[in-house]
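What follows is one structure encoded as structure tokens, with my remarks underneath.
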Amino acid sequence: MKVTREQMAVNRQRLLDIAARRFRERGFDGVSVADVMQEAGMTHGGFYGHFASKEALAAEAAAHALMQTANRWQATLENRGMEGLERLVDAYLSQRHIDAPGSGCAIAALGPELARQAEPVRSAFAAQLERLVDALAGFMPGADAAERRSRALPLMAQMVGAIVLARAFGRSMLAAEVLEAVRQAIAAAGTSVSSTTRQEGSNERN
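Just so you know, we're using our numbering here: the sequence shown kicks off at 551 and counts up by one.
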């Protein structure tokens, strides 16, 4: 039976969803094409009707995983503003996030591996990473886009680094200590950011 274009598109999306989750859980080398196809309930031969190679799948799945994170962040920030940013940080720096890499941030899960991946995988990931940075920067105070971006980048680095370290420690007091220390550091920076925002507003009124 001939598969329609609509069904092909559905199948392809399913493969991306599965690959994006499994790569985050097991890493790029821990997932095979056969694993993805079996979970999707498709034959191994059908893979090449969607992707030219595992590398092509890895590139699109990595970008897809990061896009999912970006979409969640953007929705949270747009709906709740600075309160949304606080909720985002709390949810990110949590044991639940540590325990569920498959549905969590793609940077924390896959970032450490990207330097060893082929250029197409790195490029696809980098393009979506820019979108994530822009989402955070849009809610940072600053006189211009460059200043807002300069505040978003360290925030992202703190959060991602905290999850990578905490996962390395496993379920231990050290993992909890890392999360709490970074949470407090971000909160302290947030206080100064709020002060800066109020000062900027005061200067504008004056």
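The beta carbon of each residue, even a glycine, is placed where N, CA and C say it ideally should be. Just so we're clear, the structure is a prediction, and the values are computed from it rather than from any experiment.
CA-CA distance, L565 to G595, rounds to 14 Å. DSSP places L643 outside both helix and strand once states are collapsed to three, so it counts as coil.
DSSP places P662 within a helical segment (H, G or I) once states are collapsed to three. About 6 Å separates the CB atoms of G577 and E663; that is less than 8 Å, so the two are in contact.
Three or more Cβ pairs closer than 8 Å define a contact, and the region 580-592 meets that threshold against the region 556-570. L703 and R637 have their C-alpha atoms some 18 Å from each other. The continuous alpha helix (DSSP H) containing A569 extends over residues R555 to R576. A straight-line Cα-Cα distance of about 14 Å links L616 and L607. Boundaries of the alpha helix (DSSP H) harbouring S673: E669 to A687, taken from the DSSP string. If you draw a straight line from the Cα of A716 to the Cα of A612, it comes to about 22 Å. 8 Å or more divides the Cβ of G661 from the Cβ of R574. For V581, no alpha helix (DSSP H) encloses it, and the DSSP letter there is neither H nor E.
Contact annotation: Q678 and A620 have beta-carbon atoms nearer than 8 Å. In this structure, DSSP gives F601 a state outside helix and strand, which the three-state scheme calls coil. Using a Cβ distance threshold of 8 Å, I648 and A725 count as a contacting pair. The DSSP-derived three-state label of G591 is coil. Where S700 is concerned, the enclosing alpha helix (DSSP H) starts and stops at A695 to F719. Residue state for M690 is assigned as coil, using DSSP reduced to three classes. Per DSSP, reduced to three states, the secondary structure at S653 is helical.
Inter-residue distance for A687 and S582 is about 36 Å (C-alpha atoms, whole angstroms).
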